[in-house]
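Numbering (our numbering) for the sequence shown: 325 to 465.
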Amino acid sequence: MLHGWFLWFILLWICFLAGSFGIGGYFMFRKFLKKLPKQDGKSVMDWEEYYVNESLPLWHDEEKALLNELVSPVPELFRDVAKHKIAGKIGELALKEKVPKITQDLVIKGYIQATPKRDHKFLRKRLREKRIDEAPYEHLF
Numbered sequence: 325m326l327h328g329w330f331l332w333f334i335l336l337w338i339c340f341l342a343g344s345f346g347i348g349g350y351f352m353f354r355k356f357l358k359k360l361p362k363q364d365g366k367s368v369m370d371w372e373e374y375y376v377n378e379s380l381p382l383w384h385d386e387e388k389a390l391l392n393e394l395v396s397p398v399p400e401l402f403r404d405v406a407k408h409k410i411a412g413k414i415g416e417l418a419l420k421e422k423v424p425k426i427t428q429d430l431v432i433k434g435y436i437q438a439t440p441k442r443d444h445k446f447l448r449k450r451l452r453e454k455r456i457d458e459a460p461y462e463h464l465f
């Protein structure tokens, strides 16, 4: 029989492992669902990659800097994934509107559409700091 502190250590270790496996499994399952092909034969991630690659020549340094600034509050571990997802949405908007280059307006619209509502508070704050009118984007928030 286990007694005392060792019993508690083993129980805590089991809980920690079960929790870690659960969290990891949740995120792996979400990634798996994004990789499943839809009716058109491409997955969400395939379309994201397509839009990023097709819109790559349309990006300029100012817009890349703005995107980097907007994803700065995202933890560094997830920043590249978040940036890729947002860039995919911006690329999708750019290709649908057939614009000659990515603009600040498209970056803001794509950011709003690609991120959850909880991240919009940071965007509003950043727009005020840069003295950019947020009224044209109000319907997207």
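Glycine included, each C-beta is placed from N, C-alpha and C at the ideal position. Keep in mind the model is a prediction, meaning the values are calculated, not measured.
Can you tell me whether residue i is helix, strand or coil according to DSSP?
i	result
residue 332	helix
residue 441	helix
residue 428	helix
residue 373	helix
residue 415	helix
residue 481	As displayed, the chain neither begins before 325 nor continues past 465, which places residue 481 out of reach and without an answer.
residue 338	helix
residue 436	helix
residue 455	coil
residue 421	helix
residue 447	helix
residue 345	helix
Under the rule that 16 or more other beta-carbon atoms within 10 Å means buried, what is residue i, buried or exposed?
i	result
residue 412	buried
residue 434	buried
residue 379	buried
residue 341	exposed
residue 414	buried
residue 350	exposed
residue 405	exposed
residue 409	buried
residue 459	exposed
residue 432	buried
residue 389	exposed
residue 417	buried
residue 453	exposed
Assuming residue i contacts residue j (C-beta within less than 8 Å), just tell me the rounded distance between them.
i	j	result
residue 426	residue 464	That pair is no contact at about 17 Å.
residue 450	residue 373	With 8 Å as the limit, residue 450 and residue 373 do not qualify as a contact, their Cβ atoms being about 27 Å apart.
Minimum length 4: unbroken alpha helix (DSSP H) runs contained in the stretch 349-404: Counting only unbroken stretches of 4 or more residues, the alpha helix (DSSP H) elements lying wholly within the stretch 349-404 are 368-379 and 385-394, in sequence order.
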